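Q: Per full-length UniProt numbering, numbering of the sequence shown is gapless, rising by one per residue and ending at 225.
Ideal Cβ placement from N, Cα and C applies to all residues, glycine included.
Since we're looking at a predicted model, the values are computed, not measured.
Let me begin by handing over the structure; questions about it come next.
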Amino acid sequence: MPRAPSPSAASTATGGADASAENDDTDDELLRPPENFAMVSPKLYRSSFPRTRNFPFLRSLGLKSVMVLVQEPYPEENLEFLKREGILFFQFGMPANKEPFVSIPEDKIVAALSTILDVRNHPMLIHCNKGKHRTGCVVGCLRRLQLWSLVSVFDEYRRYSHPKSRAMDLQCIEAFGGLPKTVDRAHLPRWATLDPPPLPPTAPLPVGAASALSTDDETSSVGEP
Numbered sequence: 001m002p003r004a005p006s007p008s009a010a011s012t013a014t015g016g017a018d019a020s021a022e023n024d025d026t027d028d029e030l031l032r033p034p035e036n037f038a039m040v041s042p043k044l045y046r047s048s049f050p051r052t053r054n055f056p057f058l059r060s061l062g063l064k065s066v067m068v069l070v071q072e073p074y075p076e077e078n079l080e081f082l083k084r085e086g087i088l089f090f091q092f093g094m095p096a097n098k099e100p101f102v103s104i105p106e107d108k109i110v111a112a113l114s115t116i117l118d119v120r121n122h123p124m125l126i127h128c129n130k131g132k133h134r135t136g137c138v139v140g141c142l143r144r145l146q147l148w149s150l151v152s153v154f155d156e157y158r159r160y161s162h163p164k165s166r167a168m169d170l171q172c173i174e175a176f177g178g179l180p181k182t183v184d185r186a187h188l189p190r191w192a193t194l195d196p197p198p199l200p201p202t203a204p205l206p207v208g209a210a211s212a213l214s215t216d217d218e219t220s221s222v223g224e225p
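Here is the structure:
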């Protein structure tokens, strides 16, 4: 995986070699990951909405596909970039979980995960607007299929959604029931299964828990910084 950009050291000498080093530093600085960028699993990445300044970094990943989880039309400049690079585009538009009446339909998560769990689409980038809530729910359900404990899944979700986590997102992840048996197992990554582990008998998250959590962080328009 390409390394994240680092500030270049100021050159104190002159000459061809130093000029070349400065050029190399400049090239490194152009590789700017989108906010909240991280590797989820080998050849699978997550992030916030990529901006044009992030395109060189995305190119360096050698992506085969990009999956967006927002409902709005994809920006033309992003579509043009994907077309130039020969990158497949998947859009599984889903609403953000917001109490009391808006929730992500599980069939949307199942459809997204069925595409994510096909190695023919890897390397893949998954993103929403901020890379926090919708992306966090999909990745959280994926972690269930990787047999992570709920404690670890929730910890990762909170790390990326900080400072505004949502109780409904945690409930969505906990209630996830796995993928249908019809999913193509021939192209399943080695690091995933189709069924989450059975949950221990624990009390569900209290309905009022959301009052202790912020509920609004992905209301910006598509690609808005």
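1. Rounded to the nearest angstrom, what separates Arg159 and Gly140 at their Cα positions?
2. Taking the beta carbon of Asn23 as the centre, do at least 16 other beta carbons fall within 10 Å, making it buried, or is it exposed?
3. Could you check what DSSP says for His122 in three-state terms: helix, strand or coil?
4. Quick test of your reading: residue 226 and Ile126, contact by CB under 8 Å. State the CB separation rounded to the nearest angstrom.
5. Can you pull the DSSP bridge partners for Val68?
6. Are the CB atoms of Cys172 and Cys137 within a distance shorter than 8 Å?
7. Does the count of Cβ pairs from the stretch 49-58 and the stretch 28-40 closer than 8 Å reach three?
8. Use the C-beta contact count for Asn121: other C-beta atoms within 10 angstroms, 16 or more gives buried, fewer gives exposed.
9. Sorted by chain position, which residues of the same chain lie with C-beta nearer than 6 Å to Arg143's C-beta, five sequence neighbours on each side aside?
10. With Val66 and Ile87 assumed to form a contact (beta carbons below 8 Å), what rounded beta-carbon distance in angstroms separates them?
11. Using the C-alpha atoms, what's the distance from Arg185 back to Leu58?
12. Take Leu44 as the anchor and find which of Asp155, Ala175, Pro198, Thr135 has the nearest alpha-carbon.
13. Buried or exposed for residue 255, please, with buried defined as at least 16 other CB atoms from any protein chain shown within 10 angstroms of its CB.
14. Considering only residues of the same chain and omitting the five flanking positions on each side of Ser161, which have a CB-CB separation below 8 Å?
15. Could you tell me the distance, in whole angstroms, from the CA atom of Thr26 to the CA atom of Gly62?
16. Measure the alpha-carbon distance for Pro163 versus Asp155 and round it to whole angstroms.
17. Shortest alpha-carbon distance to Gln91 belongs to which of Val183, Gln71, Pro75, Glu99?
18. Alpha carbons only, please: which of Gly178, Asn97, Pro42 is nearest the one belonging to Arg166?
19. Let me confirm a value: Lys83 is counted as buried when at least 16 other C-beta atoms fall within 10 Å, else exposed. Which label applies?
20. By a C-beta neighbour count over all protein chains shown, 10 Å radius and 16 as the cutoff for buried, is Ser48 buried or exposed?
21. Is it buried or exposed for Tyr157, if we count other Cβ within 10 angstroms and need 16 for buried?
22. Quick check on Ala111: does DSSP put it in helix, strand or coil?
A: For this structure:
1. Each residue's Cα considered, the two are about 12 Å apart.
2. Its pLDDT being 46, under 50, Asn23 is placed unreliably by the model, and the measurement read from it follows with that caveat. A residue is called buried once 16 or more other Cβ atoms fall within 10 Å of its Cβ, and Asn23, having fewer, is exposed.
3. Here His122 carries a coil assignment [DSSP, helix/strand/coil].
4. The question about residue 226 has no answer, for the chain in this structure spans 1 to 225.
5. DSSP, once it has assigned bridges, lists Gln91, His127 as partnering Val68.
6. Yes, they are a contact pair.
7. With the cut-off at 8 Å, the stretch 49-58 and the stretch 28-40 touch.
8. Asn121 counts as buried, since no fewer than 16 other beta carbons sit within 10 angstroms of its beta carbon.
9. Non-local beta-carbon contacts of Arg143 in its own chain, meaning distances under 6 Å to residues more than five positions away in sequence, involve Val153 in chain order.
10. Rounded, the Cβ-Cβ distance is 6 Å, consistent with contact.
11. The alpha-carbon of Leu58 is positioned some 28 Å away from that of Arg185.
12. If we check each option's Cα against that of Leu44, Thr135 comes out closest.
13. Residue 255 is absent from the model: the chain starts at 1 and stops at 225.
14. Closer than 8 Å at Cβ, skipping near neighbours: Lys132, His133, Gly136, Asp169, Asp217.
15. Its pLDDT being 43, under 50, Thr26 is placed unreliably in this model, and the value from its coordinates should be taken loosely. C-alpha separation (whole angstroms): 21 Å.
16. Going by the C-alpha atoms only, they are around 13 Å apart.
17. For the residues Val183, Gln71, Pro75, Glu99, the minimum Cα distance to Gln91 belongs to Gln71.
18. If you compare the alpha carbons of Gly178, Asn97, Pro42 with that of Arg166, the shortest gap goes to Asn97.
19. Its Cβ having fewer than 16 others within 10 Å, Lys83 is exposed.
20. For Ser48, the number of other beta carbons within 10 angstroms of its own is at least 16, and it is reported as buried.
21. Tyr157 comes out buried.
22. Correct three-state label for Ala111: helix.
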